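Student: Residue numbers (my numbering): 6 to 430.
1. Less than 6 Å between C-beta atoms, sequence neighbours within five positions excluded: which residues of the same chain meet that for residue 294?
2. For residue 21, count neighbouring Cβ atoms within 10 angstroms of its own Cβ and tell me buried if that reaches 16, exposed if not.
3. Use the C-beta contact count for residue 409: other C-beta atoms within 10 angstroms, 16 or more gives buried, fewer gives exposed.
4. Please go through the same chain and pick out, in chain order, the residues whose beta-carbon is closer than 6 Å to the beta-carbon of residue 254, but skip the five residues on each side of it.
5. Since residue 340 and residue 379 should fall inside the 8 Å C-beta cutoff, what is the C-beta to C-beta distance between them, to a whole number of angstroms?
6. Hey, quick one: how far does the beta strand (DSSP E) through residue 339 stretch, first residue to last?
7. Can you tell me whether residue 343 is helix, strand or coil according to DSSP?
8. Are residue 19 and residue 163 closer than 7 Å when you measure CB to CB?
9. Where do the ends of the beta strand (DSSP E) carrying residue 314 lie?
10. Exposed or buried, which one is residue 354 when buried takes at least 16 other CB atoms within 10 Å?
11. Hey, how far is the Cα of residue 202 from the Cα of residue 390?
12. Can you look up residue 406 in the DSSP assignment and give me helix, strand or coil?
13. Can you find the residues in the same chain that come closer than 6 Å, C-beta to C-beta, to residue 180, ignoring five residues on each side of it along the sequence?
14. Throw me the rounded Cβ distance for the residue 10 and residue 269 pair, which I believe falls under 8 Å.
15. Check whether the Cβ atoms of residue 170 and residue 136 lie closer than 7 Å to each other.
16. Residue range of the alpha helix (DSSP H) that residue 248 falls in?
17. At what residues does the alpha helix (DSSP H) containing residue 61 begin and finish?
18. What does a CB cutoff of less than 8 Å around residue 356 pick up in its chain, not counting 5 residues either side in sequence?
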């Protein structure tokens, strides 16, 4: 869910700032028409983004159109027209929705063919963050009415934030069409501008936070003082209503704006990080040229990772997991598969997850051949209360691992050390 919050915040926050400035100089005369314009523009924009051909000429035209829309939004702030602004509102919404329609996250969402829990959670994330951003736009427009001097700077900031990625897309399209020569400087500019949306979105949230603080200092506190100082009943009630309206804005705007930012930060810092492998316990062969592992500590249902070294120092990672909860049925497999290589596996609840492709495997399937299942270790056996793995069986897995992959498992414990169980990231 946090992924979709992050995507929508990055794409839509600049347009939230622009629309707030747009409605700060107008009043909604007909709420029903506004809703119709908004819904129509959202549907049309998303469809346009989804259906637009992925070729440089179309990209060039779309980027040019969006840049004209943004330039017009700035002119409107300098020379406010007398009409109700619904047309400009619809065009801005269409432009934002078309940017969203081109995003791969929405393509994944609309391309789903099965209605399941994951799809419902994704839709809930899209609806919730969209609601937060709509509330942010409404409250920001009220805030900018009370701070008219901030209206133009906020609009210009939103326009620049939305335009920077378009500049990169525009230059890239011109390069692909052969109108610009590909140089190192141009490639650097395209890379910086097209990958700047996340940083600009965070900067927009920071600017919004500064604006809220300014609103509290310049509007909320003086209105509270005016309310407290009012003596006559009617003027006191008017002052109280003004103060309470400002208080609602000051209370709800941080939540509507900063909550999506917090979720986006969580995605960037925590949720999007690749899972890390647990520590691999180093094991060595006995005098019988086989590895002996005590059975009882390994039957707790957790993934236990080990590493064995050949005589030439090549590492071989493998893990043991009990495949059934009510009986001892160990699975002994290499920590690698034929499809994704030596990226390894982690455990999440009762599933074993391939780090490479994120496929989830139920523990009863561990030890079987095929697909993204870990490669089985052959010819291991149970002797009393121990798992015995011959060196020849482990040597068969040498080609699955690169010599540098040991570092990915973390520090290696001494032979006979405590077995480390896999934990979900």
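All C-beta atoms in this analysis are idealised placements derived from N, C-alpha and C, irrespective of residue type, glycine included. A quick note: this is a predicted structure, and the numbers were derived from the prediction, not measured.
Tutor: Per the coordinate set shown:
1. 396, listed in sequence order.
2. Of the other Cβ atoms in all chains shown, 16 or more fall within 10 Å of the Cβ of residue 21; this residue is therefore buried.
3. Residue confidence is low: residue 409 scores 49 on pLDDT, short of 50, so the model does not pin down where it sits. Its coordinate-derived value is still stated next. By the neighbour-count rule (16 or more Cβ atoms within 10 Å), residue 409 is not buried but exposed.
4. Cβ within range, chain order: 144, 147 and 148.
5. Yes, they are in contact, since the Cβ atoms of residue 340 and residue 379 sit about 7 Å apart, within 8 Å.
6. In the DSSP annotation of this structure, the continuous segment of the beta strand (DSSP E) that includes residue 339 starts and ends at 335–339.
7. Residue 343 carries a coil assignment under DSSP once its states are collapsed to helix, strand and coil.
8. In contact: residue 19 and residue 163 (Cβ atoms closer than 7 Å).
9. That run of the beta strand (DSSP E) goes 309–314.
10. It is exposed - the Cβ of residue 354 has fewer than 16 other Cβ atoms within 10 Å.
11. When rounded, the distance between both Cα atoms is 58 Å.
12. DSSP, read as helix, strand or coil, puts residue 406 in coil.
13. Taken in chain order, the residues that qualify are 187.
14. That pair is a contact at about 6 Å.
15. Not a contact, by the Cβ cut-off of 7 Å.
16. For residue 248, the enclosing alpha helix (DSSP H) starts and ends at 238–271.
17. Per DSSP, residue 61 belongs to the alpha helix (DSSP H) from 61–83.
18. Setting aside the 5 residues that flank it on each side, residue 356 is surrounded in the same chain by 365, 366, 367 and 368, each with a C-beta closer than 8 Å to its C-beta; the list follows chain order.
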